[in-house]
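J.:
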Amino acid sequence: MELSFFVALAMFAFVMSVTPGPNNIMLLASGAQFGFRRTLPHIIGIGVGVATLISSALLGLGTLFILFPPLYIVLKWVGGIYLLWLAWKIANAPVNGLSTGHNEKATPMRWWQATLFQFINPKAWMMAISSVGAFTVQGDLYIQSGLWMLLTFVCVNFPTISLWAWLGVSIRHWLTDAKRQRMFNIVMGIATASTLLMIVRG
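According to full-length UniProt numbering, the sequence shown is numbered sequentially starting from 1.
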């Protein structure tokens, strides 16, 4: 395995992980509303889900979308509907209690919910499938290259998506006013819904 392979793989994992998408927009909103500690399970769940999808793609599950194109269309619809529901929840999240760092009415996404969301997230599937297609080496090096790819994504994904949660935490002081909180929630809901364009075009 040449150094250029690892450099290209790390850059690909970084770009795919740090760019805006449903996961990162929701982490931004969660960091602002709940703080980093309570958002940590959400972050971990995304990492677990992405690692599971890549493992599934390495085992050949991703080829189902190639063999049965309607399956991917169903995934788009299911993922899109669920994403709109999440966007509605974010936009209508309670605004009281943020100034004290505690909100009893709202709860952050749990790790298993974030993990399961990846299975209906077309962007996550395409990331997994494209990375396996681009960075695995056929033949005797397939397993080795696949394991390196999986390890790289695990190492790169956590700190990069954490940046979005920290960005949300950094603006918490600005959201102590109820009107600002409501406006922020609406903007984040719209931003989450807008990522549906990525799914439609994908």
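In this text, a Cβ means the ideal position worked out from N, Cα and C, and glycines have one as well. In this text, all values refer to a predicted model and were calculated from it rather than measured experimentally.
In this structure, how does DSSP classify D140 when only helix, strand and coil are distinguished?
T.: Working through the sequence shown from its first residue, we reach residue 140 at position 140. Residue state, collapsed to three classes: helix.
J.: If you pair each beta-carbon of the segment 148-164 with each one of the segment 63-78, do three or more pairs fall below 8 Å?
T.: No, the segment 148-164 does not touch the segment 63-78.
J.: Is the Cβ-Cβ distance between I46 and G79 less than 8 Å?
T.: Taking the sequence shown and counting its residues from 1, one reaches residue 46 at position 46. Taking the sequence shown and counting its residues from 1, one reaches residue 79 at position 79. It is not a contact, given that the beta carbons lie outside the stated cut-off.
J.: Just how far apart, CA to CA, sit Q144 and L151?
T.: Reading the sequence shown from its first residue, position 144 is the one you call residue 144. Reading the sequence shown from its first residue, position 151 is the one you call residue 151. If you take the alpha carbons of Q144 and L151, they lie about 11 Å apart.
J.: Go to A191, then tell me how far its alpha helix (DSSP H) extends in each direction, as first and last residue.
T.: Along the sequence shown, read from residue 1 onward, the residue named residue 191 stands at position 191. 178-194 is the span of the alpha helix (DSSP H), which, as asked, contains A191.
J.: Thinking L27 and I43 are a contact (beta carbons under 8 Å), I'd like their distance in whole angstroms, please.
T.: Sequence index remark: in the sequence shown, residue 27 carries index 27 (1-based). Sequence index remark: in the sequence shown, residue 43 carries index 43 (1-based). About 7 Å separates the two Cβ atoms, so the contact holds.
J.: Since V78 is in the alpha helix (DSSP H), which residue starts that stretch and which ends it?
T.: Taking the first residue of the sequence shown as 1, we reach residue 78 at position 78. Counting along the chain, the alpha helix (DSSP H) containing V78 begins and ends at 69-91.
J.: In its own chain, which residues sit with a C-beta less than 7 Å from the C-beta of W88, not counting the 5 before and 5 after it?
T.: For the purposes of this step, residue 88 is taken as the residue at position 88 of the sequence shown. Within the same chain, W88 has close Cβ partners G189.
J.: Tell me whether R37 sits in a helix, a strand or coil according to DSSP, three-state version.
T.: The sequence position of residue 37 within the sequence shown is 37, counting from 1. In this structure, R37 counts as helix in the three-state DSSP scheme.
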